[in-house]
Amino acid sequence: MTIDNDQAALAARFPAGFAWGAATSSYQVEGSTKADGRGKSIWDVFVDEPGRVIDGSNGEKAIDSYRNVEGDVSLVKELGLHSYRFSLSWPRICPEGDGRVNRAGLDYYQTLVDSLLEAGVTPWVTLYHWDLPQALENGGGWPKRDTAERFGEFARIAHEALGDRVKHWITVNEPWCAAFLGYASGEHAPGRQEPAASIAAAHHLMVGHGLASRAIKEGDPDATVSIGLNFYPVYAATDAPPDLDAARRIDGVQNRFFTDAALKGRYPEDVVEDFSAVTDFSFVEVGDMELINAPLDCLSVNFYSKFTVTGDADGGAVSASAAPTDSGSPWPANDHIGFVTTGLPQTDMGWEIAPQGLTETLKRLHNNYPDVKLAITENGAAFPDKLVDGQVADSERLEYFRAHVGACADAVDEGVPLVAYFAWSLADNFEWAWGYTKRFGLVYVDFETGQRVVKDSGKWYADLVRHARSHGEAQ
Ligand code: IFM
276 MTIDNDQAAL AARFPAGFAW GAATSSYQVE GSTKADGRGK SIWDVFVDEP
326 GRVIDGSNGE KAIDSYRNVE GDVSLVKELG LHSYRFSLSW PRICPEGDGR
376 VNRAGLDYYQ TLVDSLLEAG VTPWVTLYHW DLPQALENGG GWPKRDTAER
426 FGEFARIAHE ALGDRVKHWI TVNEPWCAAF LGYASGEHAP GRQEPAASIA
476 AAHHLMVGHG LASRAIKEGD PDATVSIGLN FYPVYAATDA PPDLDAARRI
526 DGVQNRFFTD AALKGRYPED VVEDFSAVTD FSFVEVGDME LINAPLDCLS
576 VNFYSKFTVT GDADGGAVSA SAAPTDSGSP WPANDHIGFV TTGLPQTDMG
626 WEIAPQGLTE TLKRLHNNYP DVKLAITENG AAFPDKLVDG QVADSERLEY
676 FRAHVGACAD AVDEGVPLVA YFAWSLADNF EWAWGYTKRF GLVYVDFETG
726 QRVVKDSGKW YADLVRHARS HGEAQ
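For what it's worth, the numbering used here labels the leading residue of the sequence shown as 276, then goes sequentially.
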C-alpha cells in the first residue's frame, strides 16, 4: 500500500464534517512578551529564576508569532487544515488580570481571527493555557478564589471582542498541569511546592471554567464550550493490591477528578478521601459544583501516553512528568507511588508510545459520559529532528501520528462521537521547563533564524486532511 492510499483509507474512516487541525499556545509561540502594553505572566517571572528552564531560555522570542500573523496563517493554509487552535494571552489583553483592557493586545487576536477566517480556517480559542497574569499570582494565584472570578471576567471580555467570529471555545487547558505542576511539584510556573494549595488551585481552575463557560453562553448560546483535559490510561504494574490501589489513585487525580467535576458535578469520593490527608476542602463553596457542572458541548481530550504505576516506589520507579529540573511530586497525598516503564518505544520526552491507550480512553469517556461529544485537541510527539538538505525526515513522528489517528478511527468505528483532531503542535516551540530542547511541530523551526520547514510528518498530515476534504466539509 502506498502512503497516499494509506491516508485515503484512514481519512475515509472519519465522518463528514470532522475537523482536522493543529494547535499552539500563546506563551509557547508568540514572543514579544514586553510589546504593546502586555503585562507580565507567571511564566515571564519563572523563566528568570536560575535553574527553572533546562536550557536557561525563555519565551521572549519563542517563534515570533506575535509579529508574524501572516506567516503562521500561511503555514496553516499550506497544510490545508480546517481548523487552528491557539490560546489568548490573558496578560496581553488584561495586563493586570483585572477588567482593564489593553486594546493592542485584543487587536492582535482580532487580526489573527480575521486572517484565519479569510483563509477559510476555523479558529478554536483556548482562554487559559497557563500564562496567568503575575499580578494575580501576587495576590495568591489559583489557590485563591479571586483568580477564578477574574478569569470569568476575562472570558467575558474575550468573548465580547471575538464571539461574533469565534464559535469554538476551550476554557482551561489541562488544569491538572496548571494546578499540580504549578503549585505541587513546582516544575511549572509559579514554581510553588504546596500540596494543599495545589488542590485549592485545581478547584478554582474548575470554578474558573464554570464562570467562563457561563460568560460565553450568555454572550452566545450557540457557542461550543469545552474544557481541555489531559488523559492517561493508568495501569497497575502487577495485580498486587498496592499496585492496583496506586492505579486507582493516579487515575483518580489525573482523569476522574476533573471529568466527574465537569460532567457529573462532584469530585469522586475516593479521591476526596485520598486528598483528605492534605486538605479539608474548605475552599469549596455552596453552588461551586453546579457552576463547574455547566452543560458542556464538547470535551477536549489531550493525549500523549499512558502510565504504569506501582505502590512500591522503590521498585524501579521513574517520575511521571520526567521533570528536567529539581521538583517535588505533582501527586498530592500520593507521592509514595512510582511510575514504571514497560519497554515500549518512547518519544524524546521519555513518554511511552501507546496508541491503543487512546482508543481505550475515548471509549471509556464515551461510556462514562455518553452525552458529550469528544474532540482530540492535542496529540503528538517530540523527537530530536534534524534539518538536512532542506528536509526533516521525522519518520518516528509520522508513525506516531499514523498510529494515533488510526486509534481514533478505531474509537469512531465503535460509536465514539469524535468531532475533531488537532495535532500538537503546528510548529516547534518553547516546551516549558524543557525550553527549546524538545520539538513537537509538524513544522520545523530554526530557533535562530525563524526559518520554517514542513517536516515529513507535516506533509503526511496535510495529505490526510486533503483526502478528508473529499469526504465532506469540516465544521
Ligand atoms: O507543550 C505542551 C502543551 O502546552 C500542553 N500539553 C502538552 C504539550 C507537550 O508537553
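Note that CB positions come from ideal geometry on N, CA and C, so glycine has one too. All figures in this text were calculated on a predicted structure; none of them were measured in a lab.
Relative to the ligand IFM, the beta carbon of S300 is positioned inside 6 Å of a heavy atom. For S364, there is no enclosing beta strand (DSSP E), as DSSP gives it neither H nor E. Judged by their CB atoms, W451 and P408 are not nearer to each other than the 7 Å cut-off. Between L411 and G374, the alpha-carbon positions lie close to 12 Å from each other. Excluding five sequence positions before and after V376, the CB atoms of its chain that fall closer than 7 Å to its own CB belong to I368, C369 and I432, given in chain order. Annotation: the continuous alpha helix (DSSP H) that includes F426 extends over R420 to L437.
At a cut-off of 6 Å, the beta-carbon of E671 does not count as near the ligand IFM: no heavy atom of the ligand is closer than that. Scanning W709, K661, Y696 and Y711 for the CA closest to the CA of V729 turns up K661.
Taking the C-beta atoms as reference points, G690 is found no nearer than 7 Å to A569. Of the residues assessed, L619 falls on the exposed side of the cut-off, its CB having fewer than 16 other CB atoms within 10 angstroms. Ranking W295, A498 and N505 by CA distance to the CA of A695 puts W295 first. The way I'd put it, the stretch 323-342 does touch the stretch 696-712; three or more beta-carbon pairs between them come closer than 8 Å.
Runs of the alpha helix (DSSP H) lying entirely within the stretch 660-694, each at least 4 residues long, are 670-688 in chain order. With a cut-off of 8 Å on Cβ pairs, the stretch 597-611 is not in contact with the stretch 668-680, counting fewer than three such pairs. Going by C-alpha positions, V388 is about 20 Å away from A487. Taking a C-beta distance under 7 Å as the contact criterion, L640 and A686 do not qualify as a contact pair.
Contact check between the stretch 470-482 and the stretch 546-566: three or more CB pairs, one atom from each, fall below 8 Å, which counts as touching. Using a 10 angstroms sphere on the CB of A522, the tally of other CB atoms reaches 16 or more, which defines it as buried. For P398, the enclosing beta strand (DSSP E) stretches over residues T397 to Y403.
Comparing alpha carbon positions, the residue from D339, A297 and S732 closest to T724 is D339.
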